[in-house]
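Enquirer: Sharing a structure with you now.
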Amino acid sequence: MVSQSWFGICAGLLMTTSLAQQANPEIQVEIQQGVQALEQGNFSTAERHFSHVLKTDPNQVEVRAHLGLAYYADRKYSEAVEAFRLVLKQNPSVRTAQTFLPLALAALDQCEQAIPGLSKEFSSNPDLKLRRVLGLSLQRCLLQSGKQAEADQAMQELLAKYSDDIDVLYEAGQMYAKLSSQIYLRLMKIAPHSARGFQVMGQVAASEGNWEKAVDAYRQAIRLDPNVPGVHLDLAVQLLLHSPDPNAWEQALVELNKELEINPASAEAQYEVGEVYRKHDQPEKAKAAFRAALRLRPGLVEARLGLAKALRQQNQKQEALAALEPARETAPDNAAVRFLLAQLYRDLSRTADSKREEEAFRKLQEEEAAVKRLQASPSP
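Number 249 in the numbering used here belongs to position 247 of the sequence shown; there are no gaps in the numbering.
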């Protein structure tokens, strides 16, 4: 999810959208109070005012659209989707719902449903700030859906239209995985001391094995902007992987929960929460986190592995097997999946299946060793 200034994006909508159909002065006052709360960022207050109006008069379509905006800004994306769908059912021409329904769907990682609306709005929305957010959501959804060429096209359009935008440059760098590319160099030139800039520095340091420098950079990014998506997760991962402090997992868990406040649809953060709990003997919390990750992204192999391990720790071996077997279809070359499947089959006295998975694991290990030897051999 892309960081964004709520009022900067939606001010035009709030000022230009006509809240017609006022039934009486009391409702008009309630509407104005809701709009004012929304403009001030008091989203729960705005939700309360708009909901009260709709209880009195469910046909206030524009009010319901504003309620959807309040939900979206409050990261209540499921409620936003429901509100916007009802708006479009009542009046398919309401632009606010046309724009924000696909954005809310994208925030929920329901990308296949979001892509058509995102594509239409990205190409036609007259608001440049909104178009930028639409484009970033579209690019992420296309990439997540395996539509690399279309994602590349969307990103190129974003770079052409928003050549100096920090978030656009950052997401482009992530997509192309070229930390030393001209895109990242341009970001660092434009805003070397921004939160995104320090996040990039942290990722470069982490890739070089300098975890302490990475942690320092991530913390600097958080000091500059604690709401940048991804940076709390990056920090937590480095603490979990490298910190010698035996209590570092507690700080990592704080960072992961902050990440989930910013981006509730982060399957990676949910997975890391599950791993923290699993490794610290809290299997029920671990299972809940892994299952949350899989609801967000059913194909996340790491979460299936974690859930299977947590279930096995509780001697729930058949359930562990049921959780893990789909990963063999989505990631047949994952050695960790094959190894754990072999163990589970052996636990369940399925000897032939266990031997089959052990053989698959052995072949994968041999292939990996061969690749490493090839990489280590001198060039001719």
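Each residue gets a CB set at the ideal place from its N, CA and C atoms; glycine is no exception.
Which first and last residues belong to the alpha helix (DSSP H) in which Gly-70 is found?
Expert: Where Gly-70 is concerned, the enclosing alpha helix (DSSP H) stretches over 63–75.
Enquirer: Judging by CA-CA distance, which residue of Ser-126, Leu-105, Gln-367 is the nearest neighbour of Cys-143?
Expert: Considering only alpha carbons, the answer is Leu-105.
Enquirer: Is it the case that the Cβ atoms of Ala-310 and Ala-295 are separated by a distance below 9 Å?
Expert: Not in contact: Ala-310 and Ala-295 (Cβ atoms no closer than 9 Å).
Enquirer: What is the DSSP secondary structure of Leu-350, counted as helix, strand or coil?
Expert: Here Leu-350 sits in coil by DSSP.
Enquirer: Could you give the distance in angstroms between the alpha-carbon of Tyr-220 and the alpha-carbon of Val-63?
Expert: Approximately 43 Å between the Cα atoms of the pair.
Enquirer: Taking the beta carbon of Gly-204 as the centre, do at least 16 other beta carbons fall within 10 Å, making it buried, or is it exposed?
Expert: Buried.
Enquirer: Under 9 Å between the Cβ atoms of Asp-111 and Arg-134?
Expert: No. Outside cutoff.
Enquirer: Tell me the rounded alpha-carbon separation between Thr-19 and Ala-99.
Expert: Here Thr-19 scores only 44 on pLDDT, less than 50, and its place in the model is too uncertain to base an answer on.
Enquirer: What first and last residue would you give for the alpha helix (DSSP H) that runs through Gly-148?
Expert: Looking at the DSSP string, Gly-148 is not in any alpha helix (DSSP H), and its letter there is neither H nor E.
Enquirer: By Cβ distance below 8 Å, which residues in the same chain neighbour Leu-350 in space, the five residues on each side in sequence not counted?
Expert: Same-chain partners within the cutoff: Lys-319, Gln-320, Leu-323.
Enquirer: With a threshold of 9 Å between beta-carbons, can Glu-304 be considered close to chain D, or not?
Expert: Absent here is chain D; the protein component of the structure consists of one chain.
Enquirer: Let me confirm a value: Leu-130 is counted as buried when at least 16 other C-beta atoms fall within 10 Å, else exposed. Which label applies?
Expert: Leu-130 should be labelled exposed.
Enquirer: Is the beta carbon of Leu-69 sitting closer than 9 Å to the one on Leu-56?
Expert: Contact: yes.
Enquirer: Taking only the alpha-carbon atoms, compute the straight-line gap between Ala-174 and Val-206 and give it to the nearest angstrom.
Expert: Cα-Cα distance, rounded: 15 Å.
Enquirer: May I have the straight-line CA-CA distance separating Phe-363 from Ala-208, to the nearest angstrom?
Expert: One C-alpha to the other measures close to 29 Å.
Enquirer: Could you please give the first and the last residue of the uninterrupted alpha helix (DSSP H) stretch that includes Val-96?
Expert: Careful: Val-96 lies outside any alpha helix (DSSP H) and carries neither H nor E.
Enquirer: Express the C-alpha separation of Ser-53 and Ser-1 in angstroms, rounding to a whole number.
Expert: Residue 1 is absent from the structure shown; the chain starts at 3 and stops at 382.
Enquirer: Which first and last residues belong to the alpha helix (DSSP H) in which Ser-53 is found?
Expert: Ser-53 -> alpha helix (DSSP H) spans 45–58.
Enquirer: Report buried or exposed for Arg-198, applying the criterion of at least 16 other Cβ atoms within 10 angstroms of its Cβ.
Expert: By the neighbour-count rule (16 or more Cβ atoms within 10 Å), Arg-198 is buried.
Enquirer: Going by Cα to Cα distance, which pick from Ser-268, Lys-215, Ile-264, Leu-235 is closest to Leu-255?
Expert: The shortest Cα separation from Leu-255 among Ser-268, Lys-215, Ile-264, Leu-235 belongs to Leu-235.
Enquirer: Going by Cα to Cα distance, which pick from Tyr-164, Gln-141, Gln-146, Asn-229 is closest to Asp-154?
Expert: Comparing Cα-Cα distances from Asp-154 to each of Tyr-164, Gln-141, Gln-146, Asn-229, the minimum goes to Gln-141.
Enquirer: Compute the beta-carbon to beta-carbon distance between Arg-330 and Val-339, rounded to the nearest angstrom, for a pair I have assumed lies under 8 Å.
Expert: With 8 Å as the limit, Arg-330 and Val-339 qualify as a contact, their Cβ atoms being about 6 Å apart.
Enquirer: Excluding the 5 residues flanking Ala-116 on each side, which residues of the same chain have their C-beta closer than 6 Å to its C-beta?
Expert: Cβ neighbours of Ala-116 beyond the five flanking positions: Pro-104, Leu-107, Ala-108, Cys-143.
Enquirer: Return the CA-CA distance between Asp-355 and Trp-213, expressed in angstroms with no decimal places.
Expert: Each residue's Cα considered, the two are about 41 Å apart.
Enquirer: Whole angstroms is fine: what's the gap from Ala-267's alpha carbon to Phe-292's?
Expert: Going from the Cα of Ala-267 to the Cα of Phe-292 covers about 13 Å.
Enquirer: Please classify Pro-231: is it buried, with 16 or more other beta-carbons within 10 angstroms of its beta-carbon, or exposed?
Expert: Flag for Pro-231 reads buried.
Enquirer: Among Asn-229, Gly-276, Ile-29, which residue has its Cα nearest to the Cα of Trp-251?
Expert: Of the listed residues, the one whose Cα sits closest to Trp-251 is Gly-276.
Enquirer: How close, in whole Å, do the beta carbons of Val-303 and Ala-344 come, if the pair is a contact with beta carbons under 8 Å?
Expert: In fact, because the Cβ distance is near 16 Å, the residues do not count as touching under 8 Å.
Enquirer: Could you check whether Ala-48 and Arg-66 sit closer than 9 Å to each other, using their CB atoms as the reference points?
Expert: No, the pair does not count as a contact, with Cβ atoms beyond the cut-off.
Enquirer: Please classify Leu-243 as buried or exposed, where buried requires at least 16 neighbouring CB atoms within 10 angstroms.
Expert: Classification of Leu-243: exposed, given that the 10 Å Cβ count is below 16.
Enquirer: With distances taken from CA atoms, which of Val-202, Asp-227, Leu-226 is nearest Lys-215?
Expert: Answer by Cα proximity: Val-202.
Enquirer: What ranges does the beta strand (DSSP E) occupy inside the stretch 298–325, keeping only unbroken runs of at least 3 residues that lie completely in it?
Expert: The qualifying runs do not exist here; there are none.
Enquirer: Going by DSSP in three states, His-1 sits in which element: helix, strand or coil?
Expert: The shown model of the chain, from 3 to 382, leaves out residue 1, and the question about it has no answer.
Enquirer: Scan the stretch 229–303 and note each continuous alpha helix (DSSP H) run of 4 residues or more that stays entirely inside, going in chain order.
Expert: List check, alpha helix (DSSP H) in window: 233–244, 250–264, 269–281, 285–298.
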